[in-house]
Amino acid sequence: MTSPLLLRSSLRYLLRHPWQFGLAVLGVALGVAVVVSIDLANASATRAFTLSSEAVSGRATHQVVAGPGGLPDSAFRRLVLETDIPAAPVVEGYVFVPGRPGRPGSPGSPRSPRSPGRMLHLLGIDPFSEGPFRPYLSGGAQGGRDEATSFDLAPLLTRPAAGVISAATAEELGLKPGASLRVKVGGAERTIELVGALEPKDESTRNALSDLLVMDISSAQEVLERTGRLDRIDLIAQDSQLAEAEAVLPPGAQILRSSSRTETTEEMTEAFRLNLTALSLLALVCGVFLIYNTMVFSVVQRRTLIGTLRALGVTRGQIFALVLGEAAVVAVAGTAAGLGIGVLLAQELVRLVTQTINDLYFVVSVRELDVPIALLIKGGVMGIGATLAAALAPAIEATKAPPRAVLSRSALEGRMRRALPRISLAGAGLLAMGGGLLAVPAGGGLGLVVSFTGLFAVIVGAALLTPGATVVFMKLVRPVMGRLFGVLGRMAAGGVVASLSRTAVAIAALVIAVSTTIGIGVMIDSFRGTVVNWLEASLRSDIYLGTPSRAGGFSGGDLDPGVALRMTELPGIRRVNLLRRTEIPSPDGSVRLIILGTDLQGINVYQLKEGRAETVWPAFQGGDTVVVSEPFAHRRGVSAGDSVRLRTEDGDRDFKIAGVYYDYASDRGLVLMSRATYLRHWRDPQITGFSVDLKPGVDVDEAVKTLRAALAKEPGGDGLSIQSNRRLKEISMVIFDRTFRITDVLRLVSGMVAFIGVLSALMALQLERARELGVLRATGLTPGQVWHLVTSQTGLMGLAAGLLSIPVGLTLAAIMIFVINRRSFGWTIRMEVDPMILVSAMVLALAAALLAGIYPAWKMARTSPALALREE
Amino acid sequence: MTLNRRRLFFRSLFLPLLAVLFLAGLTGCRERQRLPDASISVADVLRAENPEGYARALEPRAFQFPAEHGPHPDFRTEWWYYTGNLSTREGRRFGFQLTFFRSAFAPAMAPRSSEWASRQAYLAHFTVTDVDGKRFRSFERWNRGALGLAGAEASPFFRVWLEDWSASAAEPGSSAPVPPMRLKASEDGVSLDLLLQPGKPPTLQGDRGFSRKSAESGDASYYYSLTRMPAAGTILLGDERFEVTGLAWMDREWSTSSLGRDQMGWDWFALQLSDGRDLMLYQLRRRDGSADPASSGTVVGSKGETRHLALADFNLQSDGAWVSPRSGSRYPAAWRLRVPSEGIDVRVEPLLADQELDVSFRYWEGAVEVEGTSHGRPVQGRGYVELTGYEPPPG
């Protein structure tokens, strides 16, 4: 064990270099914070989703679902009367509770804060069938009687639009049992009468219920205008009983395992979550560089001391333990702070993550951040582990100091130069390995892990090539510097190479940070550009009208197509294109179907990736063919010529894939079908919305007014949303940008960690050179010249880092666009490089380096040479 | 003055169950979770009642058969109560109970477009006592009176059903005042399929079927019984099939208003004697342990003629006990029953000790046998006894 003497020496060292260790602690803290916060945000969103889907699925083993119309009431009756399988019908949807403006307090009435609107999940159930199904309605597993206090079933069953919500939610909304709750369902306003409250005992059930509005199935059908239809029927069935159920169900129905629905939704977001996790790891990698740098510095600075200690009989093991012990102090302090910051950061990130999931996947609401201890432990282990791993090399280095022999600066540099070819070789090897991993064709979560491993290999490989590249760069730049700034210029360039062991680490850290910025920037930019082009090409109609979406996303409400067709009689309107969005069961999970009621000209806006327009679209209009989106083809591994099996109202049918089209609206994938084909297989003439093409020269805003007036007289017409082409594009881009906001946050934090790393490295380097600079000052260099020397040296380093970052950053962008994005989502993105991104990256690198050089330069310049020389 | 025991029973059992099943996760159709029976206070439930808006039983009325077999939806509650003793040709003995309760949630409902909307709920109990196999099976179901899942109707022919359990006129075309009736119920390997003949004409309980239960106007019900219906049919127990014959008993009652609050429960007897007479009586137990003066009964002669029995007319003493292994409740298990004015002195003993219904609300209702004297001559009989309000010891 380390002796008290060694511990004291170690402590003294830490205390005498507070800034150095402070920065290291901060770097670790930020790295850990990002990883932990992303982890927490993901976990909270997932858990909220799982809880609410468990609350809604209950103990059902299977669910019966059907296509657009849902199931008829009679399907449930037949299940009950003709089978012994416990069944519970469900009608569900979403209702919006509008917020209320704030009201200042007055005597007698307290101030009421402004409240934002809130989405509630309307769950229509049959209390008579519920018993075995939804445990939360029984207040936990064996809730028993004491839970059953709050309300009478009679009004729930007999009063129209009667519902119950959780007591906590009622309180949040300021409602008491008996109160009316005004909600919006689709476009229409409804008043729900609250006839009681659910008061689950345990916390997790309370959370699961917080957004639930429970109604009797009769009221749910009426409020959602789904009279006679069921969204699904939950079953508790053995596999052997399924045939019995199938026999009495209509042919369009499909029985799914309950778990498969949850799994599908989790799969949907898997790529999204994995990408976030990987990006968060980048921040930790930057932090690790920082640790490495700090520990190397501390070892080098104490080389004499360590040599002396060894001569006094301190063993190699003790020296090793000493260095690692110091790293452990940094690790523990940094990690502890990181966990704290991580939890705080997660509060914000969970909002961004949830927002994205809501925009892209399904409705989930996270009321509060969930902080599982396991995740904190994981973050802690990662932080401490990474820190100690980074300290390993310097610790070994320290043990190599022979007793009393002075491990001189020059010896270290000499070793570094000798090691340079090996380091470069290792870097090249890592690059090759990364390239190899990226070339491995693999799909799914594992494929993504492989891809990200490849990406990290490329990053680390690039970092290892940095010293060699720095040497080359400085050689090239030295004569130029000499010509520009004379001896001092050459000295600056030479100095970088002379202390390569220190400068290379700083440059490498900067390269990683800046290239990450370039990579993510170019990726988002390219993606954005691609989406803008795609919107431009595919949104050709002038005005888009639609029913608000139902049940959390894709499927829209119902509209009589006659309403749309009557609009063609209005002046200025050239034609309307009918659209139906619906979700259809299929043997491989549900399929999002877009049904197009339009002619060839209207269809031609879809750009084909596979298949030729001249053949695809006529076939599409005619037979049982579909066109699938690129992500759909990617997810299902299908292409033109294959087929998709869908559960129609007459049973399973295969639809031939005539082509694959570019689409960026959904990473789950979409299937296009013509209205004629659809109506042959589904008795569902309703539409979800329609688009309007205007005659040339007609003013869009005028046309919107005309349409609005005409629609007000139509049944269901007043609930339609009307958006101009321009507005729809704007909304799309707002959602797009929102999706990437979290990526920007990650990029920012990685940049901060890298900056701290560079600052720490440069400061260490320059302070270490105090003696050398002292000699220079003694030999006549003015403080101004010292200032000049130091800044031009750090400036050179920034320049080197910036220049190296460009190829590395572009490589990262290419990997993200062409490998990771394709494997995660299957999108074709055209890589576009905005020169501004490269310029700003260069500026960032230079600014970071120069900024980091200010304090050392200032300190060096004002130190008296005598003091500097007295170091020994 | 007749106290309608089923009404009390029904109110105490059905409504609170419905009120809380939603939260307490009670009995589903087939998967059982239940309330501890001590947890529902009869008095609490009755206090909550509000008869406003419902039809009331205010005075005797003319009974129209077969229409009265059908539902009376304007009254709050109603039931069809079938019990009986059966045996095979070889002498293997069975008891059965098949009961349908209707309860209105509200006296009226706004017009609704959903077919699920209904203000009527139905609850049914089905039991079979396998005397020789020493096994008692009980089942429970409930559903709303909508969508064909449950309901009752008088035309085109009498029918009350809950999913695939039913009691109905056996011949749909029949317009007889009391048609032969068919009972069908089946669950978990236990099935009953019986044809019941009318037997004696309907017995109108109380004053011509107007069964007053307190001095308060409107605290009354309409109540008639078919006390001796020859029954024949089959019972299935797992793979075994039994052709059975015997006698069944039907009670029909509908009402709206509530009871007093001081009753704990009751012991009710429906006995069919070998001398051709049928005996219905009940003793209401008050909280202080005494018999309520409203306890009463009816003797039905072999031709259907009736005589009312007041509490003073009969003497009922229990001399045995059975403790439920499930609930811990202690039930009386044998009785000596004397009706001196009718010359009846009999012992009543359960055919099986454990005939406690293992449903949401525990109570004992089971087949019994009768042995004793009628006017000094030996008499035998069969019947059904119902014991409610026997709460388990605290703790």
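Top to bottom, those sequences are chains B and P. For the first sequence, our numbering begins at -5 and goes up steadily by one. For the second sequence, our numbering begins at 182 and goes up steadily by one. Yeah, the Cβ is synthetic: ideal placement off N, Cα and C, and Gly gets one too. The structure displayed is predicted, hence computed values, not measured ones.
Can you round the beta-carbon distance between residue i and residue j to whole angstroms, since I take them to be within the 8 Å contact cut?
{"i": "B:Glu604", "j": "B:Gly663", "result": "Actually they do not touch by this definition, with Cβ atoms about 14 Å apart."}
{"i": "P:Arg237", "j": "P:Thr437", "result": "5 Å"}
{"i": "B:Phe585", "j": "B:Phe684", "result": "For the sequence presented, residue 585 of chain B should be read as Val rather than Phe. Not confirmed; about 22 Å, so no contact."}
{"i": "B:Leu442", "j": "B:Ala37", "result": "Not confirmed; about 18 Å, so no contact."}
{"i": "B:Val22", "j": "B:Leu343", "result": "About 19 Å separates the two Cβ atoms, so there is no contact after all."}
{"i": "B:Ser212", "j": "P:Ala298", "result": "4 Å"}
{"i": "B:Phe614", "j": "B:Val622", "result": "With a Cβ gap of about 11 Å, B:Phe614 and B:Val622 do not count as contacting."}
At what residues does the beta strand (DSSP E) containing residue i begin and finish?
{"i": "P:Val371", "result": "Val371 to Leu377"}
{"i": "B:His782", "result": "No beta strand (DSSP E) contains B:His782, which is instead part of the alpha helix (DSSP H) from Pro777 to Ala808."}
{"i": "B:Lys853", "result": "Taken as a continuous stretch (DSSP letters only), B:Lys853 belongs to no beta strand (DSSP E), being part of the alpha helix (DSSP H) at Pro829 to Arg856."}
{"i": "P:Asp526", "result": "Ile525 to Pro531"}
{"i": "P:Gly332", "result": "Ala331 to Glu334"}
Taking the alpha helix (DSSP H) that residue i falls in, what are its first and last residues?
{"i": "B:His115", "result": "No alpha helix (DSSP H) holds B:His115; the beta strand (DSSP E) holding it covers Arg112 to Ile119."}
{"i": "B:Tyr7", "result": "Pro(-2) to Arg10"}
{"i": "B:Thr309", "result": "No alpha helix (DSSP H) contains B:Thr309, which DSSP labels as neither H nor E."}
{"i": "B:Gln595", "result": "Leu594 to Ile597"}
{"i": "B:Met727", "result": "Asn719 to Thr733"}
{"i": "B:Phe614", "result": "Ala607 to Gly616"}
{"i": "B:Thr497", "result": "Leu494 to Ser532"}
{"i": "B:Lys699", "result": "Val694 to Ala706"}
{"i": "B:Glu238", "result": "Leu236 to Val242"}
{"i": "B:Ser818", "result": "Asn815 to Ser818"}
{"i": "B:Thr152", "result": "Leu147 to Thr152"}
Check this for me: beta carbons of residue i and residue j, under 9 Å apart or not?
{"i": "P:Asp432", "j": "P:Tyr262", "result": "yes"}
{"i": "B:Ala807", "j": "B:Met517", "result": "yes"}
{"i": "P:Leu364", "j": "P:Gly414", "result": "yes"}
{"i": "B:Ile800", "j": "B:Ile512", "result": "yes"}
{"i": "P:Val481", "j": "P:Thr554", "result": "no"}
{"i": "B:Ser509", "j": "B:Gly803", "result": "yes"}
{"i": "P:Asp345", "j": "P:Ser319", "result": "no"}
{"i": "P:Leu376", "j": "P:Ala412", "result": "yes"}
{"i": "B:Ala49", "j": "B:Leu203", "result": "yes"}
{"i": "P:Gly547", "j": "P:Gly276", "result": "yes"}
{"i": "B:Asp67", "j": "P:Glu352", "result": "no"}
{"i": "P:Tyr403", "j": "P:Arg242", "result": "yes"}
{"i": "P:Leu267", "j": "P:Ile416", "result": "yes"}
{"i": "B:Arg184", "j": "B:Gln57", "result": "no"}
{"i": "B:Asp78", "j": "B:Glu240", "result": "no"}
For the region 158 to 177 of chain B, which residues have a beta carbon sitting closer than 7 Å to at least one beta carbon of chain P? Cβ contacts with chain P: none found.
Near-chain D residues of the region 327 to 360 of chain P - C-beta to any C-beta below 7 Å: The structure shown contains no chain D; the protein chains it does contain are B and P.
At a cut of 8 Å, does the region 288 to 300 of chain P reach the region 27 to 36 of chain B through at least three beta carbon pairs?
Touching, no, given that fewer than three Cβ pairs across the two stretches are closer than 8 Å.
- Taking only beta carbons into account, state which residues of the region 291 to 314 of chain P come closer than 8 Å to chain B, listed in chain order. Residues passing the 8 Å Cβ filter: Ala291, Arg293, Ser294, Ser295, Glu296, Trp297, Ala298, Ser299, Arg300 and Ala302.
* Counting pairs of beta carbons, one from the region 241 to 256 of chain B and one from the region 113 to 121 of chain B, are three or more of them closer than 8 Å? -> The region 241 to 256 of chain B is not in contact with the region 113 to 121 of chain B.
Segment contact, 8 Å Cβ cut-off, at least three pairs: the region 376 to 391 of chain B with the region 309 to 319 of chain B: The answer is yes - the region 309 to 319 of chain B touches the region 376 to 391 of chain B, with three or more Cβ pairs under 8 Å.
TODO: Determine, using beta-carbon pairs with one atom in the region 755 to 773 of chain B and one in the region 455 to 474 of chain B, whether at least three such pairs fall under 8 Å.
DONE: In the pairwise beta carbon analysis, the region 755 to 773 of chain B is classified as not touching the region 455 to 474 of chain B: fewer than three pairs are separated by under 8 Å.
task: Would you check if the region 444 to 460 of chain P and the region 563 to 575 of chain P touch, i.e. whether three or more CB-CB distances between them fall below 8 Å?
output: Taking one beta carbon from each stretch, the region 563 to 575 of chain P and the region 444 to 460 of chain P have 3 or more pairs nearer than 8 Å; the two touch.
Is it the case that the region 480 to 489 of chain B contacts the region 775 to 784 of chain B, given that we only count it when at least three CB pairs across the two stretches are under 8 Å?
Yes, the region 775 to 784 of chain B is in contact with the region 480 to 489 of chain B.
| Three CB pairs or more closer than 8 Å across the region 571 to 591 of chain B and the region 694 to 708 of chain B | No, the region 571 to 591 of chain B does not touch the region 694 to 708 of chain B.
**Touching by the beta-carbon criterion (3+ pairs, under 8 Å), the region 222 to 229 of chain B and the region 165 to 178 of chain B** = Result no; under three Cβ-Cβ pairs closer than 8 Å.
task: State whether the region 334 to 342 of chain P contacts the region 245 to 255 of chain P, with contact taken as three or more CB pairs (one from each stretch) at a distance under 8 Å.
output: Proximity of the region 334 to 342 of chain P to the region 245 to 255 of chain P meets the contact definition, three or more beta-carbon pairs being nearer than 8 Å.
Q.
Contact between the region 722 to 736 of chain B and the region 557 to 570 of chain B is defined here as three or more beta-carbon pairs at a separation below 8 Å; is this criterion met?
A. The region 722 to 736 of chain B, when compared against the region 557 to 570 of chain B, does not touch it at the 8 Å Cβ threshold.
*asked:* If contact is defined by three or more beta carbon pairs under 8 Å, each pair taking one atom from either stretch, is the region 497 to 511 of chain P in contact with the region 526 to 546 of chain P?
replied: Short answer: they touch.
Closer than 8 Å is the cut-off here; do at least three beta carbon pairs connect the region 518 to 528 of chain P with the region 492 to 507 of chain P? Counting Cβ pairs under 8 Å, three or more are found: they touch.
Name the residues in the region 278 to 290 of chain P whose C-beta lies less than 8 Å from a C-beta of chain B; which are they?
Sequence-ordered contacts of the region 278 to 290 of chain P with chain B read Phe286, Ala287 and Met290 [C-beta pairs closer than 8 Å].
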